[in-house]
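The structure appears right after this line, and notes come after that.
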Amino acid sequence: MRRLPHALGIAWKRSWKDLILFAIPFLCALGCLIWLEGFGSSTDWYTQHIAIADDFRSFFYRTHRLFPDFMSDLGSGQNVFSFAYYGLYRYDVMLSYLFPFLSMSLILPIIHLSALGSSAILLHHFLKRHVAAATAFFGALCLLLAAPMFYHSAKQVIFVLYMPFVILGFYGADRLLQKQKYDLYLFAITMMILTSFYFTVGGALACFAYLMMSWDPHQLSAKKLWKSLILLHSGAVLVSAFFWMPCAYALFTSGAKTSAAFSLPALLTPDIKMEALLYSPYCMGVGLLMGFCLFLWAGKYKSREGIAAIVMLGILFLPICLYLMNLGLYARPKALIPLLPFLILLTCKWLDRHESLSAKQTLCLLLIGALIVYQKNMLWAFWDFVIAFVILWANGNRKQKGYYAYLLIMAIILVQANQGEPRISYARIKELAAKKAWIASLDLAHTPFTKIADYHENAQSMNLSMAPLGKTSIYSSIHAQSYNHFYYDVMRNNLSLRNRVSTLENGNPFFLAFSSSRYLISENKPPYGYVPIAEKGALTLYENKNVLPFAYGSDQVISQTQFASLSDIDKIAQLLLTPVVSADKDMIETTQIQPTKETWNLQEISRQGKWISAKQNTLHINSRQKETMRLSLQDPLQDEILIMTMQIKPIHSNYNDLDVTINGIRNRLSGSGATYPNHHTQFTFYTHQSDQLEITFSSGNYQLSDIQTYRLPTALFQTMWQNKTAVTDETYDETNAVYEAKITMQKDGWLITSLPLQDGYTIWIDGKKVPVETVNLSFVGCQIDKGTHRVKIHFQPPLKVPAQILSLTALGVLLFAKWRRIRYEKSTNS
5 MRRLPHALGI AWKRSWKDLI LFAIPFLCAL GCLIWLEGFG SSTDWYTQHI AIADDFRSFF
65 YRTHRLFPDF MSDLGSGQNV FSFAYYGLYR YDVMLSYLFP FLSMSLILPI IHLSALGSSA
125 ILLHHFLKRH VAAATAFFGA LCLLLAAPMF YHSAKQVIFV LYMPFVILGF YGADRLLQKQ
185 KYDLYLFAIT MMILTSFYFT VGGALACFAY LMMSWDPHQL SAKKLWKSLI LLHSGAVLVS
245 AFFWMPCAYA LFTSGAKTSA AFSLPALLTP DIKMEALLYS PYCMGVGLLM GFCLFLWAGK
305 YKSREGIAAI VMLGILFLPI CLYLMNLGLY ARPKALIPLL PFLILLTCKW LDRHESLSAK
365 QTLCLLLIGA LIVYQKNMLW AFWDFVIAFV ILWANGNRKQ KGYYAYLLIM AIILVQANQG
425 EPRISYARIK ELAAKKAWIA SLDLAHTPFT KIADYHENAQ SMNLSMAPLG KTSIYSSIHA
485 QSYNHFYYDV MRNNLSLRNR VSTLENGNPF FLAFSSSRYL ISENKPPYGY VPIAEKGALT
545 LYENKNVLPF AYGSDQVISQ TQFASLSDID KIAQLLLTPV VSADKDMIET TQIQPTKETW
605 NLQEISRQGK WISAKQNTLH INSRQKETMR LSLQDPLQDE ILIMTMQIKP IHSNYNDLDV
665 TINGIRNRLS GSGATYPNHH TQFTFYTHQS DQLEITFSSG NYQLSDIQTY RLPTALFQTM
725 WQNKTAVTDE TYDETNAVYE AKITMQKDGW LITSLPLQDG YTIWIDGKKV PVETVNLSFV
785 GCQIDKGTHR VKIHFQPPLK VPAQILSLTA LGVLLFAKWR RIRYEKSTNS
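Count along the sequence shown starting at 1, add 4, and that's the number in my numbering.
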């Protein structure tokens, strides 16, 4: 353990300061458990960073494979690199593989909090190289108390988990300049990429800024410095290519919107509110003291620190810099979080100067502080300004005493950032784990890719694997967008969250039958066709054997052109009856079962209260609170499923979300306050259980127009088997992502699967490779001849093999260069 501090140039001593720095994150976590009844956020932390990591670990235990290709248990089957952003090769997830007896919700927070404490300790010792011990300790505490650090350790962990490597990069820069040794700097940049490639831009920029600020031309020539930097950064990129290359391919070919609309004037307009610096966990999240120090350093523009401060201010004030640091996705200040240690370094170096403020500097700080306090309009922002100004104005011991007062401001920033975030309790996590264990204990009958729909705590269960059973749900920023489009825009599933990248399991019986969802978990009544088979507490497991198989053959298909001419409701029915293929086909008779329309008297509905009014086919809702009404159907449902559709439109720009819920099925239009608005204006609801509709409207001022109600007979689920040939002898090799089956076709036709279409699939019929075709708009299929055939479907992530070869080659070259250097040094010393 002592060799690492020695390699970093740290004079290791057992210090109460280091103990405090390491303990603070755990004390904050304890405070969350006591006062907020949970540590991590209920959606992002648990659903993505815990559940997906647990799926990686479970896959490793099942297959003993560190480099998976395919996740068959989420999103109907997805490229594993659709989830790589959430920890596929991250050091915390890799370490968790060593502790199978500890749950992910326990081991990962321990690692994350340890990383946060270790970052502060590393920064503390690093700062002591440049400033007095008291100032260095103050700087390390400021890192811990900055808004994003603890907040994202319990939310979006990849926003901060790379921080130890940014600071190690500073040590590596010193090692590079003083000893011309490159290994630590290279290691730091590589680990940043593997931990969070998105934030590597900011992390590498922080290391580069420190290196240039510390560079002495007498130690290392400019030519050798630039050559070393190019080789080191290139080496880190190449060594980590096995991770980022397949991930980048998955991102850019998924069809996801990879950049936000922007205008050049907006990107060039300065942000005078300092939103990228102050208070928020989605920026640097510090106080005015750090901003003041940047302005003071900028006045020393002839010094290296002054130049660095001017560059930092340019990044903070110009949105175009944020746009570039966000890789052209958007201009959000979260990309600046990796620069936090460098900002603290500049702050501490100014505080360590024994220099009184000039009248000009005083006036400048007063004007900046007054502007910020006026804009923020918060009492503690005023005290932030006052204490920061006093610290900078004071000298000697009085300045150091002011540090303690300012830490109170930083603590307020920490508390304020963590308020209001919904957190998941460990009792609830245990409940979800018990549900998963219960399903595993039942040993349910299944074939490859048989699915289970989970309606219990479905927002938290989206990425909760039930392997070997699959799920249609997925919550990941990267996945096949054609599947997302099919899910919401074709099958018209309800969207109950504000973020559309989540495909939440729902009450659409047509999609459940289409997607082979044989099993279903719920606390409430299930959709049509499901019967109870097991119970545990409040939960009931239901089964519906009358669902389409994962793979089948059909000689009756329609073209996408013909399908596009159908009405939205006809499309839903048609997908169960006749597969849709990309090839041009002769027109055939389509939907055999026609929906019937239901009419409503909106004027009578509007008499429910003053908060609702009607005009033509439009309802106007204007209420400050949630409202509920009950409507009786004109004719009872008899072996029918009711489908209701409507368009929602806010009267004014809505900051808050707008919801409509019918018989427990909720649709939501996210408000303008949503970070990732869902733009969900077409609401669709399904019910078969009641002759009465219980409708709940959220507060707000909005219109519901084009209200249509249809009835589809349940006989549709019996006729959907016509003209379909089931496969037999199905097997799935999870380790190598290979599905095999046997099929006998009476005529030439098509093989249809419910695998979402992505690059990387290969299909063999009787050992002969055949073209992969698009079927049912978004899924994998192919043409198949009459007769009995053996089918094989294999998935391999595009660029995976060449990326691994590139990484191994780069690693070999670097190890050879290291070996050559060691031999040279030994021969020189001898």
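The beta-carbon is built from N, C-alpha and C at its ideal position, and this holds for glycine as well.
The model shown is predicted, which means the values in this text are computed figures rather than measured ones.
| query | result |
| --- | --- |
| Own chain, CB closer than 7 Å to F130, minus 5 neighbours either side, in chain order | I171, F174 and Y175 |
| P654 - partner residues in DSSP beta bridges | Y706 |
| Segment contact, 8 Å Cβ cut-off, at least three pairs: the stretch 143-153 with the stretch 333-346 | yes |
| DSSP-derived helix/strand/coil call for S128 | Here residue 128 is His; the residue named in the question, Ser, does not match the sequence. Three-state DSSP puts H128 in a helix. |
| DSSP-derived helix/strand/coil call for N548 | coil |
| Outcome for L812 when other beta-carbon atoms lying within 10 angstroms are tallied against a minimum of 16 | exposed |
| Closest by C-alpha distance to F453, when choosing among G764, V742 and I38 | V742 |
| Three-pair Cβ contact test at 8 Å for the stretch 458-466 versus the stretch 514-534 | yes |
| Cross-strand partners of M288 (DSSP beta bridge) | BP columns for M288 are empty, so no partner. |
| Euclidean distance between Cα positions of T665 and Q160 | 30 Å |
| Proximity to Q379 [Cα-Cα], best of D275, F63, A449 and Y65 | D275 |
| Identity of the residue in F247, A730 and L446 nearest S200 by Cα | F247 |
| Residue closest to L516, alpha-carbon to alpha-carbon, out of A463, G474 and K653 | G474 |
| N-terminal and C-terminal residue of the beta strand (DSSP E) that D733 is part of | T732 to D737 |
| Residue from L375, M196, A158 and P323 whose Cα sits closest to the Cα of R427 | A158 |
| contact_flag[the stretch 230-249, the stretch 186-196] where n(CB pairs < 8 Å) is 3 or more | yes |
| Which of helix, strand or coil DSSP assigns to G474 | strand |
| F256, buried or exposed, once every other Cβ within 10 Å from all chains shown has been counted against 16 | exposed |
| Start-end ranges of the alpha helix (DSSP H) lying completely within the stretch 182-230, minimum 4 residues | 187-200 and 204-218 |
| Whole-angstrom distance between N658 and M414, CA atom to CA atom | 33 Å |
| At least 3 beta-carbon pairs within less than 8 Å: the stretch 65-72 vs the stretch 127-147 | no |
| K804 classed as buried or exposed, judged by whether at least 16 other C-beta atoms fall within 10 angstroms | buried |
| Chain-order list of residues whose beta-carbon lies under 7 Å from that of Y852 (same chain, five-residue window excluded) | The chain is shown only over 5 to 834; residue 852 falls outside these bounds and no answer can be derived. |
| G557, DSSP secondary structure in three states | strand |
| Those runs of the alpha helix (DSSP H) which lie wholly inside the stretch 48-118 and span at least 4 residues | 55-67 and 95-100 |
| Residue environment, H656, which counts as buried when at least 16 other CB atoms sit within 10 Å | exposed |
| Three-state secondary structure assigned by DSSP to K790 | coil |
| Cα-Cα separation between L396 and L361, rounded to whole angstroms | 7 Å |
| Cα-Cα separation, S636 to I699 | 11 Å |
| Member of L815, L781, W219 and Q762 whose CA lies at the smallest distance from the CA of I797 | Q762 |
| Limits of the alpha helix (DSSP H) - the one that F687 falls within | Careful: F687 lies outside any alpha helix (DSSP H), inside the beta strand (DSSP E) at Q686 to T691. |
| Alpha-carbon spacing of M167 relative to A119, whole angstroms | 8 Å |
| Closest residue to T732 among N740, R308, A745 and Q726 (Cα-Cα distance) | A745 |
| C-alpha gap between Q182 and A213, whole angstroms | 16 Å |
| Close beta carbons around C325, own chain, < 8 Å, minus the five adjacent residues each side | G318 and I319 |
| Rounded straight-line distance, which links the Cα of P775 to that of T262 | At T262, the pLDDT of 48 sits below 50, so the modelled position is not reliable and the matter cannot be decided from this model. |
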